[in-house]
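Step one of this worksheet: look at the structure below.
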Ligand code: CTP
Ligand code: MG
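Numbering (the working numbering), first residue to last: -8 to 172.
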């Protein structure tokens, strides 16, 4: 695969995993998933992980995957790269995995004494990709093997932190997010 094809495939295939966290920031609020419970004197997850944000993020990612499926022929033609479509299992696993990864990272942050909003370098940038990819690999193994060849996986691991830092920086400047990470 050419570098352009590799990067285009990586970004396209991960869009349903990139969008949920940003939608959660916009839609979040209300009852926290941990219901305020603590463990070892600290919150299990914290007020930053809510049912509404998690549900909205997952639904938005799945809806985006459906939209990408519909637009695939036109976009593949325009870019000149055969882009993948998303089977139903991947449409759910990618966004749900992204939200789950973010929740697991908060769990780790609280266990390591980091307050809500504290930075956790690398974990903040990669938690959602790793769990998203893992769930997709389990939910749709044949599709995952076809799409995420080693070069595409490498592109995802390099591009994701860059895109994550950029989008969160923009959300911070726009006043949508309290911290730029
Ligand atoms: N959010 C949410 N539900 C989620 C994830 C995020 O409601 N599952 C919303 C919350 O309003 C949260 C904001 O998006 O405050 C920013 O998300 P994030 O940076 O992931 O959370 P933090 O508040 O920084 O908390 P933590 O330290 O636990 O990551
Ligand atoms: Mg944060």
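Yeah, the Cβ is synthetic: ideal placement off N, Cα and C, and Gly gets one too.
None of the values given here were measured: they were computed from a predicted structure.
Take residue 130, set aside five residues on each side of it, and the residues of its chain with a beta-carbon closer than 8 Å to its own are 80, 81, 83, 84, in chain order. In the structure shown, residue 102 adopts helical secondary structure according to DSSP, grouped into three states. A distance below 7 Å between beta-carbons, with the five flanking residues on each side excluded, links residue 100 to the following residues of its chain, in chain order: 109, 111.
Burial state of residue 102 is exposed, judged by a 10 Å Cβ sphere holding fewer than 16 other Cβ atoms. Setting aside the 5 residues that flank it on each side, residue 167 is surrounded in the same chain by 16, 17, each with a C-beta closer than 8 Å to its C-beta; the list follows chain order.
Using a Cβ-Cβ distance cut-off of 8 Å, the stretch 68 to 77 and the stretch 31 to 43 are not in contact, since fewer than three pairs of beta carbons, one from each stretch, lie closer than that value. In chain order, the residues that have a beta carbon nearer than 7 Å to some heavy atom of the ligand MG are 39, 108, 115, 170, 172.
The nearest non-hydrogen atom of the ligand CTP is less than 8 Å from the C-beta of residue 93.
Of all C-beta pairs linking the stretch 133 to 152 to the stretch 23 to 38, fewer than three are shorter than 8 Å, placing the two stretches out of contact. A distance criterion of 8 Å places the beta-carbon of residue 33 beyond contact range of the ligand CTP, judged by its closest non-hydrogen atom. The DSSP-derived three-state label of residue 11 is helix. When secondary structure is reduced to three states using DSSP, residue 29 falls in the strand class.
Residue pairing by DSSP puts residue 23 in a beta bridge opposite 41. Taking C-alpha positions only, residue 162 is separated from residue 135 by approximately 31 Å.
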